[in-house]
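Those letters in the sequence shown? Residues -21 to -1, 1 to 377, per mature numbering (1 follows the signal peptide of the UniProt record, and there is no 0), in order. Don't be surprised by glycine CBs; every beta carbon is placed ideally from N, CA and C. Keep in mind the model is a prediction, meaning the values are calculated, not measured. These notes concern the structure reproduced below.
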Amino acid sequence: MKPIIITGLLLAAFVPFFTNAETYFTENFDKDDLQWTQSKAKSDYGEFKLVPGEGVKTSQDARFYAMGTKFDKVIDNRDKTIIIQYAVRHPQNIDCGGGYLKLFDEKFDPANFDGQTDYVLMFGPDICGSTKKVHIIFKYNGEEKAHRKSEVRCEDDTFTHVYTLKISPDNKYEVRIDNEKKAGGYLEDDFPFLPDKKIKDPKAKKPSDWVDDETIDDPEDSKPNDWDQPEYVKDKDDVKPSDWDDEIDGAWEAKEIKNPDFKGEWKPKKIPNPAFKGPWIHPMIDNPEYKPNDELYVFERKIMGIGLDLWQVKSGTIFSHFLITDDEDLANEQAAEIIKIRDEEMKEEKAKESERIPDNETTDEPEDESEDTDDEDEAADENTAQVPPPIVEDHDEL
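Quick look at the structure:
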C-alpha cells in the first residue's frame, strides 16, 4: 500500500478556494523511523513495525498493542466540521482483533497509556468471531460512554479499506467505508447522550374496567354429549395367551391402545368481544429531565493525541493514512486514492486465484508412485491432527 504524499503544490492549489479549511493531523508512516511512541505501560505489549510503502503493522500474535502520538496543538471542533479518517488492512485474514483508533485529551502520555486510559472518542473496526462492527464511542459526562445504538458492520476481508467519521456543527454525524455512507443522522437520535424526550406518565394507570381481551368464549356454545371419551381403551384384538395362569400370573388384562374417539379437552369456540376497547396505551408526557443540547457534536474535551490500543490474536494488521481535518474535499481525495489501492489489491488477488490449480484437479503421475504418495498424505494428515488448536483469549475490554 503506497502512502499518499500531499505536496506543497497540491496544498497551494487549494488555498484560494478553501481558505478556512484546516488539516490538524496527518500520518502516512512514510518516514525512515516510526514517529509514534510505543507504550511501556505493560512489559509484554506487542511491537508495531514499519512496512515501507504500506504503513505500520502489528507483528506478534496473541498480544495487546498500544502506540500513540501527541499533536502539536489542541483540536477544538466547536463551530467546525471535523473528519477523522484512516486506512486499515487485515492481510492475515484476522479472526479476532481490533483495528480502531482512540483520540485523547491534553493529558495523554503515549509512553504510559493502556486500555484503561481515558479517551474522548473511539472509532474504527473491530472483529472477533461473528462480531464485525465499527465502533463509534463518545465519552461524555466524565466516564460515561455513548455507543451508537445500532451496529455498523465493518469489512472483514484482506484488502485495504478507508474508514471515515464526519461530525458536523448541526449535531449530525456520518460514517463512511470506502467513501460509501454506512450510517448517519442526528447524534441525539443514534447515541444515548440525552434522556428520552418523552416518558410514560407515572400518574396514569389502566382503568380497572378496561377490556383488552379481543375475543371471548361463546356463551351459547355447549359441549356435545358424546365428547367425553377415555384417552385409552382396551385392545379388542388382544388375546389372552394360552399358557397364561391366573393363579400364578394374576388376572389377565388386555393391553390398552389410543382411543380413536378421544378428542381431548373441550373448549368453547371464540367470538369477538363486544366490550373490547383495544390495547391500552400508556400516555406519554414530556420528560422533565430532558434538556436539548445544540452542542452534542463538540468533544467533551479538546483533542491533543491519537493512539492505537488493541488486542489481536493473529497479527499483521496494517494501519496508514491517518487524517484529521475539516476539509471534506481533501478527505474525499485521500479516500479515493486509498480505494485505488484497494482495487489494485483485489485485481492482484483475482489474478492469483486464476493461477491456482483447483483442489479437485490432479496432475498425472506414474502409477507406481501413487501408493507412496497416498502413504505420505496419510502421514501428513496424522501429523496435522496432532497439532493442538490455537488458544483464543478474551477480546480487549472497551
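Length of the line joining the Cα atoms of residue i and residue j
i	j	result
Tyr68	Asp135	The sequence shown places Arg at residue 68, rather than the Tyr named in the question. When rounded, the distance between both Cα atoms is 9 Å.
Pro209	Phe241	6 Å
Ser38	Leu13	14 Å
Lys246	Lys202	8 Å
Gly78	Pro104	5 Å
Ile115	Pro181	34 Å
Ala319	Val141	Note that residue 319 corresponds to Lys in the displayed sequence, not to Ala. One C-alpha to the other measures close to 11 Å.
Phe27	Ile303	21 Å
Lys281	Glu1	16 Å
Thr96	Trp189	55 Å
Pro251	Ile63	59 Å
Leu(-12)	Ser18	Caution is warranted here: a pLDDT of 38 is assigned to Leu(-12), below 50, making its placement in the model unreliable, and the coordinate value is therefore given only provisionally. Cα to Cα, Leu(-12) sits roughly 35 Å from Ser18.
Ser294	Val35	12 Å
Residue i - DSSP class collapsed to helix/strand/coil
i	result
residue 381	Lying outside -21 to 377, the shown extent of the chain, residue 381 is not represented and no answer is given.
Pro89	helix
Lys202	coil
Gln313	helix
Ile260	coil
Ala162	strand
Ala125	strand
Glu134	coil
Glu210	coil
Asp51	strand
Arg155	strand
Lys177	strand
Lys219	coil
Asp228	helix
Own chain residues within Cβ distance below 7 Å of residue i, not counting five before or after
i	result
Lys185	Trp259
Lys179	His261, Met263
Asn(-2)	none
Val277	Asn56, Arg57
Asp200	Pro247, Lys248
Own chain partners of residue i with C-beta closer than 6 Å, once the 5 adjacent residues on each side are dropped
i	result
Asp308	none
Ala41	Val292
Asp175	Asn266
Lys146	One detail in the question is off: residue 146 reads as Ile in this sequence, not Lys. The residues are Ile61, Tyr152, Tyr276.
Thr16	Pro89, Ala90
Residues bridged to residue i [DSSP beta-bridge criterion]
i	result
Phe301	Glu6
Trp290	Phe43
Cys107	Cys75, Thr110
Ala66	Val141, Ser299
Ile251	The amino acid occupying residue 251 in the given sequence is Pro; Ile does not appear at that position. DSSP lists Thr194 as partners of Pro251.
Ile236	Val212
Phe117	Leu100, Ala125
Phe27	Thr37
Beta-carbon proximity list for residue i, same chain, < 8 Å, skipping 5 on both sides
i	result
Met325	Phe138
Asp225	Trp231
Is the segment 304 to 319 in contact with the segment 106 to 121, if contact means three or more CB pairs nearer than 8 Å? Judged by Cβ distances under 8 Å, the segment 304 to 319 makes no contact with the segment 106 to 121, as fewer than three pairs qualify.
Measuring CB atoms only, is the segment 183 to 199 touching the segment 159 to 175, in the sense that at least three cross pairs come out at less than 8 Å? No, they do not touch.
Under 8 Å: do the segment 115 to 133 and the segment 285 to 302 share three or more Cβ pairs, one atom per stretch? Under the 8 Å Cβ criterion, the segment 115 to 133 does not count as touching the segment 285 to 302, having fewer than three qualifying pairs.
Is there contact here, the segment 4 to 13 with the segment 25 to 39, by at least three beta-carbon pairs under 8 Å? In short, these stretches touch, since the Cβ pair count reaches three.
When you compare the segment 83 to 101 with the segment 45 to 52, are there three or more beta-carbon pairs, one atom per stretch, that lie closer than 8 Å? By the C-beta criterion, the segment 83 to 101 is judged to be in contact with the segment 45 to 52, since at least 3 inter-stretch pairs fall below 8 Å.
Contact between the segment 186 to 203 and the segment 243 to 258 (3+ Cβ pairs under 8 Å): Yes, they touch.
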